[in-house]
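K.L.:
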Amino acid sequence: MGAVPGTQSAPIGNVEFVWALARALLALAASAIFLTAAYLTFSPELAAYRAAAGSDNIQPRTIPGDDLTIRLGTGGTGRDKTLHLAGLSQDSRAIVTRNTSLQASDYPFVEYTINNLHPGAIVYLIWKTAENSEEISRARLHQSGNEVTTTCLGNDENWIGTITEIGFDVYGDLRDEALVISSLRILPYSPATLLAAIWSDWTMFEAWDQASINHLRGVPGNAILSPSVAIAAWAGLALLALGMVSLFKKAHNPIGYLAVIFIPWIVLDLLWQHRLSTQLTETKFLFQGKPQHERHLADLDADLYQYAQHLKSEVLPGPEARIFLLHDDKGERHNYRRLRTQFHLLPYNIYNYGSLPPRKHIRDGDYILVLGSINSLTFQSSENLMTWGERGRLEVEIVDEHPVGRLYQVGRGKAE
Amino acid sequence: MNGSFSALGLLTSLFLPWILGSIWCYWLLSKSGRHNLFVIIGQGYLLGISLTALTLGVWEFIGLPLWFWATALTLLGMCVIGFFAIRGQSTTKIVVAKTPPLEKWQIVVTTFFILLISCRYTTLVQEITLRPLFSWDAWMNWSPKAIVWFHSGEFTPFVSPGEWLQQAEDTTAYTMGARDSWKYPATVPLIQLWSMLATGTSDHTLIYLPWLLVILALGLALYGHLRLAGASMPLATLGCYALLNLPYINVQTVLAGYADTWVAATFGCAVFALHEWGEHRQWPYAVLSLLLALLCTQLKIPGLIMGGIIVAVFLSSIIKFGKTSGITLLTALVLCIVYIAVFGVDFSIPNLGRIALSTDGITVPYIGYYELSYHPVHHAIIDTTLLMINWNLLWYLFIFLGLLRVANGTVFRTPSLALRSVLLALLFIFFVYYFTNRYIFAVDYTQVNRALIYVIPPLVFYMIYARSTLLDLQHKSRSS
């Protein structure tokens, strides 16, 4: 076998590697300390929080879980001053609050400790102010990597004036496990609180949604600081420091350079892995151990899937039937329900555009599926007539009625 | 047609194309004397999948019913032919780089990166196998054709919504829920169809395992090509880690079903092969890159451009420009641009369509009409590349390497074929989002990452390969 000369240079020795790695770690540590100190000192947002605060000696307000009153939903107090929120109301909602009196500008942060929080339960922090006592303001609280989560309200436009009532509003599904609220703390500005809020932002979890395939923000929309920017700055400054030292000593080591780039890279990667692992826990909860049919029933669009299965197995003839799927998209650019229904109805042959029947192209025996309600379309059951607009008329027979949609079959002799 | 799930069918569908592609890839690349196992099986997967899709197409063309095991037998036959073709060809001496023995730290670092990759893909494989088809375009644009073909047992035509309304009573054609997706290339639905035929169902999470395999194959190809290009084992593994663990690569894998992963992998592998062609002038790599360019065009409409870029870069590598001819060509190009800007051009090519270029808009066959005007989308581009977590620190590193090239004066050197491909692809992507009405898909972040993903594999390859810019500083300082 021949050889390509000069393609592999002599490797760096083990000792040299360890020294290079140590220098890189030192550069990264110095970079982290310098950047954190600089950020805490010069950040304009933090200067604004400090300036807005009434005094330098504001004490945190702590509301133990058992101090919250259940306004909607069911539950009770538990050990260690906790509140166990065991059930939601009929409209899948629970509200727990407590009266208070504090100046929002003094308290730009909130820390909450909630156990058993999962993506099935959507939790908001809610509050009322003295200035606008009729209106309830709210901010979405995310599940983070820790039970104790800190969030910044200083940049929320409704977090102003005198807060008179505060608590949680919970929607969704508790999944047979009580939410255990240990405490709600309203906190003044401090560097430690700020860093805790940033960490909570970076470790927060949002389950997959339809935007996930397009982009990954990695943090909530109101996050204080992008992890990518912070970590790039960390790596960049360390690289600069290492470069300067190496230039001064006239000894460059590629391992050091690679380490100050890729150690921060790995840190960012581990944050992503944390999110993926949390997602996997959620995915397992929803789908593990279930056959495909039951997985669909556990999915977000279970109602559409069930409806499509009902039509396919109990109502429609073979897939040669032509279906006109009508839906009022109410101006939405992306129309999830009509498209998803079409998908679940495959392999049926579906025309899926518009909210009114394309009359001149409809044949006897075709089916019209009306998803949801369409105001401009009416069905007169006494005459078996579908009408719309001034002249739209079609003789149809209703074949199936369901909360999700109504299926008609075009009868013989189309009217006009 | 949904029957009981066939595990044997699934395994066959996953690995038979891989074996087939690897055999023929070996047959082709062994003539070059420059290859390794990773290049063979990495590139082989894409070759195998394209041969599988092609076989399904031919099967239908000659009017045979879509029966999995008969198709599999055909692929097996092609494997046997490939095996004998390899045995029959004269052996070419394999050129290998002289590698010094690994230091302990190199083994530790390599193992560490392999562990990080393994940990990530252990998570991803569980997610893929548990979650029913989720992502939007997957169920709106790509899987419906496969589902219909699977159930009907033939390639039922898909037509535009207008044609669907006009169709005669004795014909059966389908249309899609998104207006233009009926005309999307068939390769991705064929990949899904292959898995559906194998498993005996159109509704199963395991149908989408090829989305995992293609990324793993891309990683193997990247590793193999980096090793061929002289990267040490830890550095090549680092390259694989940097690519395979990127959040946006992961999300395209785990929420399987989009075509973009396939375009990215195919374009990436084509650029890797093109690089090898550029460096060592071994024609099998030129053939491989052109085959993959062809596959690019069959995956998605933007794949036409990505395939075109491969061809253009390949042509740039075989046409040698002297100073005079270079200046003449540049002048001609500038004059063409001026002519188009002032007068515009508008003509039709028979069987292809209309081509119209002016400062107001562009009409290109298969791709359509795009109005031209400037849209400042910097905010979205910066957000998606530098602020969000899509690409980890990749774009920061790319900018840094660019600045380094400026600083050390290498920026004016003729770029390598890999860099040419990356820059042309970026130029295309930025042109589309800055100057056409597709800018809205950058502003709302629905498409911009799905376009940027195409350049990521060659970008990672280039950055690791270009380590010499960064790392050779050491040797300079040592030698001084």
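Going down the list, the sequences are from chains A and B. My numbering numbers the first residue of the first sequence as 1 and each following residue consecutively. My numbering numbers the first residue of the second sequence as 1001 and each following residue consecutively. In this text, a Cβ means the ideal position worked out from N, Cα and C, and glycines have one as well. If you're wondering where the values come from, they're calculated on a predicted model, not measured in any experiment.
Restricting to Cα atoms, I'd like to know which of B:Ser1181, B:Ala1425, B:Gly1224 is closest to B:Ala1273.
P.N.:
Of B:Ser1181, B:Ala1425, B:Gly1224, the smallest CA-CA separation from B:Ala1273 is found for B:Gly1224.
K.L.:
With a threshold of 7 Å on Cβ separation, who are the neighbours of A:Trp202 within its own chain once the five nearest residues in sequence on each side are excluded?
P.N.:
Val219, Pro227, Leu271
K.L.:
In its own chain, which residues sit with a C-beta less than 6 Å from the C-beta of A:Gln409, not counting the 5 before and 5 after it?
P.N.:
Within the same chain, A:Gln409 has close Cβ partners Tyr367, Glu397, Val399.
K.L.:
Can you confirm whether A:Ala94, when its beta carbon is compared against all beta carbons of chain B, has any partner nearer than 8 Å?
P.N.:
Chain B, which has no Cβ nearer than 8 Å to the Cβ of A:Ala94, makes this no.
K.L.:
What are the partner residues of A:Asn115, as DSSP defines its beta bridges?
P.N.:
A:Val180
K.L.:
Give a yes or no on contact between the stretch 65-73 of chain A and the stretch 166-185 of chain A, applying the rule of three or more CB pairs nearer than 8 Å.
P.N.:
yes
K.L.:
If I follow the unbroken beta strand (DSSP E) through A:His84, where does it start and stop?
P.N.:
83-87
K.L.:
Could you run through the stretch 1142-1154 of chain B and flag, in chain order, every residue whose CB is less than 7 Å away from some CB of chain A?
P.N.:
Taking a C-beta cut-off of 7 Å against chain A, the contacting residues of the stretch 1142-1154 of chain B are Pro1144, Ile1147, Val1148, His1151, Ser1152, listed in chain order.
K.L.:
Could you have a look at B:Tyr1483 and say whether DSSP puts it in helix, strand or coil?
P.N.:
No information on residue 1483 of chain B is available, as it lies outside the stretch 1001 to 1480 that chain B covers here.
K.L.:
Could you name the residues of chain B that A:Arg295 contacts, counting a contact when the two beta carbons are closer than 9 Å?
P.N.:
Leu1130, Arg1131, Pro1132, Thr1205
K.L.:
So A:Ala232 contacts chain B; which residues on that side make the cut at Cβ distance below 7 Å?
P.N.:
Leu1393, Tyr1396
K.L.:
In this structure, does DSSP put B:Thr1414 in helix, strand or coil?
P.N.:
Residue state for B:Thr1414 is assigned as coil, using DSSP reduced to three classes.
K.L.:
Tell me where the alpha helix (DSSP H) around B:Ile1040 begins and ends.
P.N.:
1037-1061
K.L.:
Measuring alpha carbon to alpha carbon, tell me which of B:Phe1400, B:Leu1423, B:Pro1458, B:Pro1457 ends up nearest A:Ala232.
P.N.:
B:Phe1400
K.L.:
Mapping DSSP to helix, strand and coil, what is B:Leu1010?
P.N.:
Helix, per DSSP.
K.L.:
Give the residues from the stretch 1177-1199 of chain B that approach chain A closer than 9 Å (Cβ to any Cβ), ordered along the chain.
P.N.:
Gly1177, Ala1178, Arg1179
K.L.:
Relative to the C-alpha of B:Tyr1045, which residue among B:Trp1027, B:Ile1301, B:Leu1014 is closest?
P.N.:
B:Leu1014
K.L.:
Taking beta-carbon pairs under 8 Å, can you tell me which members of the stretch 1286-1313 of chain B lie near chain A?
P.N.:
none
K.L.:
Can you list, in chain order, the residues of its chain with a C-beta nearer than 7 Å to that of B:Ala1198? Leave out the 5 residues immediately preceding and following it.
P.N.:
Ser1006, Gly1009, Leu1010, Thr1012, Ser1013, Phe1068
K.L.:
Can you name the start and end residues of the alpha helix (DSSP H) that A:Leu225 belongs to?
P.N.:
Here A:Leu225 belongs to no alpha helix (DSSP H), and DSSP marks it neither H nor E.
K.L.:
Tell me the DSSP secondary structure of A:Ser101 in three-state form.
P.N.:
In the structure shown, A:Ser101 sits in a strand (DSSP, three-state: E or B).
K.L.:
Could you tell me which chain B residues have their CB closer than 8 Å to the CB of A:Glu320, listed as they occur along the chain?
P.N.:
Thr1172
K.L.:
Are the C-beta of A:Phe34 and some C-beta of chain B separated by less than 8 Å?
P.N.:
Judged by the 8 Å Cβ criterion, A:Phe34 is not in contact with chain B.
K.L.:
Quick check: the stretch 37-51 of chain A against the stretch 82-91 of chain A, are there 3 or more CB pairs under 8 Å?
P.N.:
no
K.L.:
In its own chain, which residues sit with a C-beta less than 7 Å from the C-beta of B:Leu1193, not counting the 5 before and 5 after it?
P.N.:
Result list for B:Leu1193: Leu1056, Ala1146, Trp1149, Phe1150, in chain order.
K.L.:
Would A:Ser381 pass as a contact of A:Gly389 if the rule is Cβ separation under 8 Å?
P.N.:
In this structure, A:Gly389 does not lie closer than 8 Å to A:Ser381 by Cβ.
K.L.:
What does a CB cutoff of less than 8 Å around B:Ala1173 pick up in its chain, not counting 5 residues either side in sequence?
P.N.:
Once the five neighbours on either side are set aside, the close Cβ partners of B:Ala1173 are Thr1156, Pro1157, Phe1158, Val1159, Glu1163, Trp1164, Gln1167.
K.L.:
Mapping DSSP to helix, strand and coil, what is B:Phe1005?
P.N.:
coil
K.L.:
Taking the beta carbon of B:Lys1300 as the centre, do at least 16 other beta carbons fall within 10 Å, making it buried, or is it exposed?
P.N.:
buried
K.L.:
Is the stretch 159-167 of chain A touching the stretch 118-128 of chain A in the sense that three or more CB pairs, one from each, lie closer than 8 Å?
P.N.:
Three or more Cβ pairs closer than 8 Å define a contact, and the stretch 118-128 of chain A meets that threshold against the stretch 159-167 of chain A.
K.L.:
Specify the secondary structure class of B:Ser1479 as computed by DSSP and reduced to three states.
P.N.:
Residue confidence for B:Ser1479 is low, a pLDDT of 40 falling below 50, so the modelled location carries little weight and cannot support an answer.
K.L.:
Could you tell me which uninterrupted beta strand (DSSP E) segments, each at least 3 residues in length, are contained entirely in the stretch 153-210 of chain A, listed from first to last along the chain?
P.N.:
162-172, 179-187
K.L.:
Any contact of the stretch 1411-1426 of chain B with the stretch 186-193 of chain A, i.e. 3+ C-beta pairs under 8 Å?
P.N.:
The answer is no - the stretch 186-193 of chain A does not touch the stretch 1411-1426 of chain B, with fewer than three Cβ pairs under 8 Å.
K.L.:
Taking any Cβ of chain A, which residues in the stretch 1372-1390 of chain B have a Cβ under 8 Å from it, in chain order?
P.N.:
Thr1384, Leu1386, Leu1387, Met1388, Ile1389, Asn1390
K.L.:
Where B:Ala1442 and B:Val1377 are concerned, what is the direct C-alpha to C-alpha distance, given to the nearest angstrom?
P.N.:
Between B:Ala1442 and B:Val1377, the C-alpha separation is close to 7 Å.
K.L.:
Specify the secondary structure class of A:Val18 as computed by DSSP and reduced to three states.
P.N.:
If DSSP states are grouped into helix, strand and coil, A:Val18 belongs with the helices.
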